[in-house]
């Protein structure tokens with residue numbers, strides 16, 4: 117997922133979590149998502165929580181950020197006194213489905 121989102125090499129961060137997850141055999145974390153096409157699982161470095169939002173809370177991605185960020189960002193949301201990117205789940209699922217086909 118990190119590579120798909122253009123986040124670069126996440127390996128140093130992942131190695132830190134392998135150590136922290138030693139009680140789990142160093143497996144790390146998987147996120148499982150359910151979509152109309154079925155279920156997909158992919159490794160992640162961390163999960164803070166899921167967050168439900170109303171469509172009108174989604175703000176446009178600023179032009180300066182849009183040029184530098186992944187095509188998978190569909191908007192920005194206010195969360196914990198900061199703005200965070202909201203990913204386009206349909207595009208991510210389509211891309212992940214193609215990668216495992």
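Residue numbers (my numbering): 117 to 217.
Where a beta carbon is used, it is the ideal one built from N, C-alpha and C, also for glycine.
By the C-beta criterion, the stretch 151-163 is judged not to be in contact with the stretch 171-182, since fewer than 3 inter-stretch pairs fall below 8 Å. Taking the Cα positions, residue 171 is about 19 Å away from residue 165. In the displayed model, residue 117 falls within coil according to three-state DSSP, outside both helix and strand.
Residue 175 is bridged by DSSP to 192. Going by DSSP, residue 123 is part of no beta strand (DSSP E) at all; its letter is neither H nor E. The shortest C-alpha to C-alpha distance from residue 146 to any of 123, 187, 117 and 173 is the one to 117. The criterion of a C-beta distance shorter than 9 Å is satisfied by residue 122 and residue 186. For residue 149, the pairing in a beta bridge is given by DSSP as 156.
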